[in-house]
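Asks: Below: one structure in structure tokens.
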Amino acid sequence: MSRAVTGLDVDIVPFERDASSCLAKLHKDCFLGEEQWSEEAFAQLLSMNGTSGWGAYMGEALIGLLLVHYVAGEYEVLTLGVHPQRRGRGIGRALMVEFMAQVLLENAVIFLEVKVTNNRAFHLYSSLGFTQVGSRKRYYPDGEDARVLRFSSP
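Quick note on numbering: my numbering labels position 33 of the sequence shown as 34, and the sequence is numbered without any gaps.
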């Protein structure tokens, strides 16, 4: 299923299982150094039961990605990224809203981690109803701490 995002020239489309190459390329553009995931890492994640994701496309170009994993009534957001040249246009929000519409129907819970210094992402998640429920010391490869956020259906 594809859904055009109102006000944006963007379509939100579920990933195919063979999308690992284009996902790794976009992830490299979105994240620095050790936070970049390889094509092999994406292939492994996409082959796991319970893993799903969505891409944001402008025409044929993948400009945003969201990958999640589901187990025992809980989703974990594994990664959310938007190409640096396309940030600030609501694409990350559109990906999350598409995903959260499914979660609301399932009455599931969502967890995610976000760097304590990533205020832009933290504000996005807060505006979507996530609350901080904990932290993880030195969670990221660069030694930075993470905030643990949670969303549950009202």
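Ideal placement from N, C-alpha and C gives every residue a C-beta, glycine not left out.
For clarity, every value in this text was computed on a predicted model and none was experimentally measured.
1. Alpha carbon to alpha carbon, how far is residue 84 from residue 90? Give it in angstroms, no decimals.
2. Work out the CA separation of residue 75 and residue 106 for me, nearest whole Å.
3. If you compare alpha carbons, which of 127, 58, 135 is closest to residue 9?
4. Going by C-alpha distance, which of 155, 130, 129, 117 is nearest residue 141?
5. By the 10 Å Cβ neighbour count, where 16 or more other Cβ atoms means buried, how is residue 104 classified, buried or exposed?
6. Hey, could you find the ends of the alpha helix (DSSP H) residue 21 is sitting in?
7. Beta strand (DSSP E) containing residue 89: first to last residue?
8. Run through the DSSP bridge pairs and tell me what residue 121 is partnered with.
9. Can you have a look at residue 49 and say buried or exposed, based on whether 16 or more other CB atoms are within 10 angstroms of its CB?
10. What residues in its chain sit with their C-beta under 6 Å from that of residue 80, if we drop five residues either side in the sequence?
11. How about residue 70 and residue 51: do their beta carbons lie closer than 8 Å?
12. Does residue 140 come out as helix, strand or coil in the three-state DSSP assignment?
13. Starting from residue 109, trace the alpha helix (DSSP H) in both directions and tell me its first and last residue.
Replies: Here's the rundown:
1. 11 Å
2. For residue 106 and residue 75, the distance between alpha carbons rounds to 13 Å.
3. Selection 127, 58, 135 evaluated against residue 9 yields 58 as nearest (Cα-Cα).
4. Nearest C-alpha to residue 141 among 155, 130, 129, 117: 117.
5. Answer is buried; the Cβ neighbour count reaches 16.
6. 21-31
7. From DSSP, residue 89 is part of no beta strand (DSSP E); its letter is neither H nor E.
8. Answer is none; residue 121 lacks a bridge partner.
9. exposed
10. 68
11. yes
12. If DSSP states are grouped into helix, strand and coil, residue 140 belongs with coil.
13. Run containing residue 109: none; DSSP gives neither H nor E here.
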